[in-house]
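Asker: Protein chains in written order, with our numbering: chain H, 1 to 181; chain L, 1001 to 1044. All C-beta atoms in this analysis are idealised placements derived from N, C-alpha and C, irrespective of residue type, glycine included.
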């Protein structure tokens, strides 16, 4: 329901997100309206969850009301159930295609490192190697020789090194989306 | 609220990184979960 700009801000403030935050801003609430979830009298969207299978069929729709809270574990269980029951084709989650020789450098007690690790885990990019420089100071030295900076998180792909967590997460999302389409 | 068993209406919306996301591009590839919420900075 917010604009793209507000979403970008919020995404940053919660440490970056590894899924798209969509803006149903203009025309306001049109997409929510098409799902019957736009509360016209209040001018806001309901807090609701819709699960669509890979065949484009709605498999679940529920609302907890604007002030309510979702039961995340219940939704996770629902996802597994729907995935199990679905008989059509689903792409196997490609594990980090396009990032074959990538290494993610992280350090302890660092929100940006945590965000990058969370994105790697959410995107099932198990083949992106993780090096914790807090445990391996020598790795930090290697990184410094490559980039001139002792900075983590960093994502190394061949000769290229990304140093901003937002860039790192975007790059992983891009690789993931690229491997699916 | 949309009925279970019905076809999900297609849409294309901009995401927080400026990319356009269209529901139908996931067809035959992935299940999709849509989390609607009133405003940013509110609980899940």
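1. Can you have a look at residue 27 of chain H and say buried or exposed, based on whether 16 or more other CB atoms are within 10 angstroms of its CB?
2. Please confirm whether residue 20 of chain H has its beta-carbon closer than 8 Å to some beta-carbon of chain L.
3. Any beta carbon of chain C sitting closer than 8 Å to that of residue 1022 of chain L?
4. For residue 72 of chain H, is the classification buried or exposed, using 16 other Cβ atoms within 10 angstroms of its Cβ as the cut-off for buried?
5. Quick one: which chain L residues come within Cβ less than 8 Å of residue 66 of chain H?
6. Per the contact definition of three or more C-beta pairs closer than 8 Å, is the region 29-48 of chain H in contact with the region 1026-1033 of chain L?
7. Select from H:169, H:55, H:50 and H:56 the residue whose C-alpha is nearest the C-alpha of residue 62 of chain H.
8. So, using beta-carbon positions, are residue 169 of chain H and residue 99 of chain H closer together than 8 Å?
9. Once DSSP output is grouped into helix, strand and coil, what is the label at residue 95 of chain H?
10. Determine, for residue 148 of chain H, whether the minimum Cβ-Cβ distance to residues of chain L falls below 8 Å.
11. Assign residue 1004 of chain L to one of two classes, buried (16 or more other C-beta atoms within 10 Å of its C-beta) or exposed (fewer than that).
12. Tell me whether residue 67 of chain H is buried or exposed, calling it buried when 16 or more other Cβ atoms sit within 10 Å of its Cβ.
13. Bridge partners for residue 1034 of chain L per DSSP, in chain order?
14. Residue 1020 of chain L bridges to which residues according to DSSP?
15. Check each candidate in H:56, H:20, H:146 and H:138 and name the one with the smallest Cα separation from residue 82 of chain H.
16. Applying a beta-carbon distance threshold of less than 7 Å, which residues of chain L neighbour residue 31 of chain H?
17. State yes or no: is the C-beta of residue 1026 of chain L within less than 8 Å of the C-beta of residue 31 of chain H?
18. In terms of alpha-carbon separation, which member of H:65, H:120, H:106 and H:102 lies closest to residue 134 of chain H?
19. Is it the case that the Cβ atoms of residue 1013 of chain L and residue 22 of chain H are separated by a distance below 8 Å?
20. Just the Cα atoms here: how many angstroms apart are residue 128 of chain H and residue 116 of chain H?
21. Just list the residues that DSSP pairs residue 62 of chain H with in beta bridges.
22. Would you identify the three-state DSSP class for residue 174 of chain H, choosing helix, strand or coil?
Answerer: Put simply:
1. exposed
2. yes
3. Given the protein chain composition of this structure (H and L), no chain C is represented.
4. exposed
5. 1038
6. no
7. H:50
8. no
9. Low confidence applies here, because residue 95 of chain H scores a pLDDT of 46, under 50, leaving its location unreliable; read the following figure in that light. In this structure, residue 95 of chain H counts as coil in the three-state DSSP scheme.
10. no
11. exposed
12. exposed
13. H:50
14. L:1014
15. H:56
16. 1011 and 1013
17. no
18. H:106
19. yes
20. 11 Å
21. H:49
22. helix
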